[in-house]
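Chains A and B are the protein sequences, given in the same order. Under this note's numbering, the first residue of the first sequence is numbered 1, with each subsequent residue one higher. Under this note's numbering, the first residue of the second sequence is numbered 1001, with each subsequent residue one higher. We treat Cβ as the ideally placed atom computed from N, Cα and C, and that holds for glycine. In this text the structure is predicted, and so the values were computed from the model without any measurement. Below is one structure, written out as structure tokens; the observations come after it.
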Amino acid sequence: MNKLQRIQPLALPVEKVLIPDTKSFILSNEVPVYMIEAGTEDIMRLEFIFRAGLVKENLPLISSTCNMMLSEGSQNYTSEELNRLLDYYGVFLNLTAEKDCAGVVLFFLSKHIEKVLELSREILFRPVFPQPELNALMNKRLRWYLVNREKVQNLAIDQFFESLFGKNHPYGHQVSEQDFENIIPSQLSDFHTKYYTPGNMAVLVSGKIHNKTEELLNSYFGNISSKEIKIEGAVNFLTDNAVRKVHINKPATVQTAVRIGSTTINKRHPDYPGLKILDSVLGGYFGSRLMKNIREEKGFTYGISSSLTSLDLTGYKVISTEVSQKNCKRTIDEIYNEIKLLQNVPVKKEEMSVVRNYMSGEMVRMFDGPFALAESFRSTWEFGLDNSYYYRLAEKIITIDPDEIKELAGTYYNIDELYEVTVGSE
Amino acid sequence: MVNYRRFLLENGLRVLVHEDKSTPLIAMNLLYDVGSRDEDPAMTGLAHLFEHLMFGGSINITDYDTPLQLVGGENNAFTNNDITNYYLTIPSENIETGFWLESDRMLELDFSPKNLDTQKNVVIEEFNQRYINQPYGDAILKLRPMVYTIHPYRWPTIGMDMDHIKNIDLEHVKSFFFSHYAPNNAILSLTGNIGYDLALELTQKWFGPIEKRAIQPRNLPAEPLQTEERNLTIEKDVPSTALYIVWHIGPRNSSDFYTLDLITDLLAGGESGRLYTKLVREKKLFSEINAYLTADIDPGLIIVQGKLMKGVDIQYAEESVNEVIKGLQSKNGINDEMEKVKNKFESSTVFSNTSILNKAANLSFFELLGTPGLINCDVENYRKVSHGMVIEAIRRYIIPSNCSTLKYISTRNEI
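Set out below in structure tokens:
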């Protein structure tokens, strides 16, 4: 074929993302509800979010266990009945317990809205935490834990969080085998009463929303009231570790897990959109510098990436990879070299265009369809932000200049302040 | 309902188009009818390594990823026993860049020696990360050669031996390309914000001029009928003992595929599945247990795998699994459970079809099976399964002479 016929099509600028409006209202008991109408199929996504994450723990594992036990038996249904009914109505239930928030997400055909709300109320506000189910869960979780502790990447990230946030803070505490034996139902029910309350809750609905949703939400959830309970809150002092480099010896492993990073600003900070772009350049996508250098140039690893995460009390950035032991030292040196390069040499115009356009495309994907829309909404709502955050990010993607990226790299990637965790055989 | 239209280019490329105007994006899925089953037994892992090489530049384009990122696109690919599948999503205004990129690497690759060396290392690290450096990661490597004696499914997609990967040279790579990568061995699906006419025009423009190639005929040895039970026990320093029980089934196109799929859903579809209810919840023999079909095009497998609770006798655990499966033949409560898994299947199909990428991948795969219409009658086929069919399938497949068992014993002092 004639080469000349295969001319590269013109790259058109990706159109600016248009985010559909969110409708909001409150239930009779003042629970906020957010609704995003989107999609072509008669399906819905319903999320109940509570400020009941890891950060509220006064006892290791209590937040995740409380969350996982929600569907293990309620006042009106046994665990088996609840799970059978959810399956019978074709409902997908995700229980989520993260560092700050916890809750449930349900995916279902819109026509089943009423049944789903009835079961959700049982799960969220009438759980009974039965002892046999708790024993089974903790046994199971202990098995998972033991398997996870065999994996270098899990050992590395657990140690990384401890180094960043301190072993006594829920963000950084590493669980131990004994922790799985200590939890009793009354502690779960105390935690539940304190944190799974209407005052602590928000509801997020998206999809092709059933026209009775508002009315039904009010009738199932609008008359629930919060109860006062006195249990001790979590210790909320973040304390970073003085030791910057930690190696954990894990004999007989063929790869070493590497985690390098530190605490940083979160979404509420005006520099965050710029930092997000810097993070992309460094390791946030397939064409990033770390991927190109460590995987595509040197073939040291199957994958390397960097990421930026916002938490309520702080934020963190981390570079993650698994490499063969013999290439570990060189990989780490190269990671620091790439950071120094960003601090000293402005990103060239061509690379800036790639990152700008890739990220603009990402923004289109972040608002494509009812599920993506809900997740994007939630990840700003959590920080008290609204869609203006995304418009600022979209604007920054187009306007940021290479000098600003260089400055951000200097400000936020001080190499002396980075933690370095490695796990592998010595 | 997923409405779609098909057309065939003169060079043999099959094309399917489904328009969905609710999204600003287009998904493009290009399936090549080549997988690890098409490999030389002395050079396993080549199909998957080849997938990596497809990103290293083509005849007119030095680098695949950058121009795609430059127009806001994102892409990935996977290889399995049967197929190699490449996919991307892109804002619709820039779809032509997708055509330019995909057609160029179908036309010819760059075949750079440096890229080959690098990607061989990347694949070896992938092997280490997924199969060696994970507890139980090598179970599937042990299972396959026990279950398949001559069919190429006896080796994993990544390759049975990393020495095979090390020995691959550029000549092997080139010959693999010209005998498997061609318009007449590929299926292109386009879904999302693209109309039929534009799809047709762009496909003609970019793929039309690529000539047909002589595809290496597929002549795979059929796996002989298994006639007696097979057992393998290995001991490893892992946290708990694991059990894998496997039975042969028919090919993806066989009439009882949906029955078997429904059986695995009765057994392990969610927390209300029978295996979970009976063996995790009630008898507390396992900490987790799962059942699934491999869904291969050639005769595949049902796999049940679970991790045992401490102190449980593995023989007893194995018998209990069999008892639960046999229990599906009893009428007791079965109708409600069948209705439940059918509802769940329907719901999960509706959810899967909200994604343009899933729709594109499904259209390509079902076209490969010769039945693109399956995208709309999957649910109907599944709903047709009766209890009689379940009983019949269990009698036919869940028998000792068709069974292989891997006992993965923990040598650790159990906690």
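Checklist line | Of the residues A/Ser225, A/Leu93 and A/Asn29, the one placed nearest A/Phe125, counting alpha carbons only | finding: Looking at the Cα atoms, A/Ser225 is the closest of the given residues.
Checklist line | Burial state of B/Thr1411 (16 or more Cβ within 10 Å) | finding: exposed
Checklist line | Residues sharing a beta bridge with A/Met44, DSSP | finding: A/Phe108 and A/Gly207
Notebook entry, point to check: If we cut at 8 angstroms on Cβ distances, does A/Val147 have a partner in chain B?
Noted result: yes
Next item on the list: Answer with yes or no whether the minimum CB distance from A/Tyr390 to chain B is below 8 angstroms.
Entry: no
Item checked: Opening and closing residue of the beta strand (DSSP E) in which B/Trp1247 lies -> Ala1242 to His1248
Note to self: Within 10 Å of its beta-carbon, does B/Thr1233 have 16 or more other beta-carbons around it, so buried, or fewer, so exposed?
What the structure shows: exposed
Check: Does A/Tyr77 get closer than 8 angstroms to chain B when you measure Cβ to Cβ?
Finding: Interface flag for A/Tyr77 against chain B is unset, since no Cβ pair is found closer than 8 angstroms.
Next item on the list: Would you mind telling me which residues of chain A sit closer than 7 angstroms to B/Gly1072, beta carbon to beta carbon, in chain order?
Entry: Val14, Asn357, Tyr358, Ser360, Gly361 and Val364
Next item on the list: Work out the CA separation of A/Glu296 and B/His1052 for me, nearest whole Å.
Entry: 10 angstroms
Note to self: Considering just the uninterrupted stretch of the alpha helix (DSSP H) at A/Glu80, what are its terminal residues?
What the structure shows: Ser79 to Tyr88
Check: Which whole runs of the alpha helix (DSSP H) in the region 213-299 of chain A are 4 residues long or more, in chain order?
Finding: 213-221 and 272-279
Item checked: Start-to-end residues for the alpha helix (DSSP H) that takes in A/Gln178 -> The continuous stretches of alpha helix (DSSP H) do not include A/Gln178, and DSSP gives it neither H nor E.
Note to self: Can you tell me where the alpha helix (DSSP H) holding A/Pro60 begins and where it ends?
What the structure shows: Where A/Pro60 is concerned, there is no enclosing alpha helix (DSSP H), given that its DSSP letter is neither H nor E.
Notebook entry, point to check: From this set, B/Glu1126, B/Leu1009 and B/Ile1150, which residue's C-alpha is nearest A/Gly299's C-alpha?
Noted result: B/Glu1126
Notebook entry, point to check: Of all Cβ atoms in chain B, is any one closer than 8 angstroms to the Cβ of A/Cys178?
Noted result: What sits at residue 178 of chain A in the sequence shown is Gln, not Cys. It does not; no Cβ of chain B falls within 8 angstroms.
Next item on the list: Could you tell me whether the region 1142-1151 of chain B touches the region 1393-1408 of chain B, where touching means 3 or more Cβ pairs closer than 8 angstroms?
Entry: The way I'd put it, the region 1142-1151 of chain B does touch the region 1393-1408 of chain B; three or more beta-carbon pairs between them come closer than 8 angstroms.
Check: What residues in its chain sit with their C-beta under 6 angstroms from that of A/Leu418, if we drop five residues either side in the sequence?
Finding: Ile260 and Ser262
Next item on the list: State the start and end residues of the unbroken beta strand (DSSP E) segment that holds A/Glu37.
Entry: Pro32 to Glu37
Margin query: Does the CB of A/Leu393 have a neighbour CB from chain B at under 8 angstroms?
Written below: no
Note to self: Runs of 3 residues minimum, wholly inside the region 5-30 of chain A: which ones carry the beta strand (DSSP E) assignment?
What the structure shows: 23-26
Next item on the list: Could you say if the region 1014-1022 of chain B and the region 1063-1071 of chain B meet the contact criterion of at least three C-beta pairs nearer than 8 angstroms?
Entry: no
Note to self: On a Cα-Cα basis, can you pick out the residue from B/Thr1044, B/Thr1191 and B/Glu1010 that is closest to B/Val1416?
What the structure shows: Nothing about residue 1416 of chain B can be reported from this structure: the residues present for chain B run from 1001 to 1415 only.
Check: Who are the neighbours of A/Thr263 on chain B, taking C-beta pairs under 7 angstroms?
Finding: What A/Thr263 touches in chain B: nothing, since even the nearest Cβ is about 28 angstroms away.
Notebook entry, point to check: Mind checking if A/Gln296 is an interface residue toward chain B, Cβ cutoff 8 angstroms exclusive?
Noted result: Note that residue 296 of chain A is Glu in the sequence shown here, rather than Gln. Yes, contact with chain B.
Check: Nearest to A/Leu70 by CA position, among A/Asn29, A/Ala52 and A/Asn58, is which residue?
Finding: Among A/Asn29, A/Ala52 and A/Asn58, the Cα nearest to that of A/Leu70 belongs to A/Ala52.
Next item on the list: Measure how close the beta-carbons of B/Thr1157 and B/Ala1360 come, nearest whole angstrom, since I'm counting them as under 8 angstroms.
Entry: 21 angstroms between Cβ atoms; not a contact.
Check: So which residues on chain A does B/Glu1102 lean against when the C-beta distance must stay under 9 angstroms?
Finding: Ordered by position in chain A, no residue passes the 9 angstroms Cβ test against B/Glu1102, which lies about 12 angstroms from the chain.
Note to self: According to DSSP, simplified to helix, strand and coil, what is B/His1151?
What the structure shows: B/His1151: coil per DSSP, three-state reduction.
Notebook entry, point to check: Which word fits B/Met1001, buried or exposed, when buried means at least 16 other C-beta atoms lie within 10 angstroms of its C-beta?
Noted result: Residue burial annotation: B/Met1001 is exposed, with fewer than 16 other C-beta atoms found within 10 angstroms of its C-beta.
Note to self: Can you give me the C-alpha to C-alpha distance between A/Leu278 and A/Gly361, rounded to a whole angstrom?
What the structure shows: 17 angstroms
Checklist line | Chain-ordered residues of the region 1268-1285 of chain B with a beta carbon less than 8 angstroms from chain A | finding: Gly1269, Gly1270, Glu1271, Ser1272, Thr1277, Val1280, Arg1281 and Lys1284
Item checked: Limits of the beta strand (DSSP E) - the one that B/Lys1307 falls within -> Note, B/Lys1307: beta strand (DSSP E), Leu1301 to Leu1308.
Next item on the list: Please work out which residues of its chain come closer than 7 angstroms, Cβ to Cβ, to B/Asn1253, disregarding the five sequence neighbours upstream and downstream, and give them in chain order.
Entry: Leu1369
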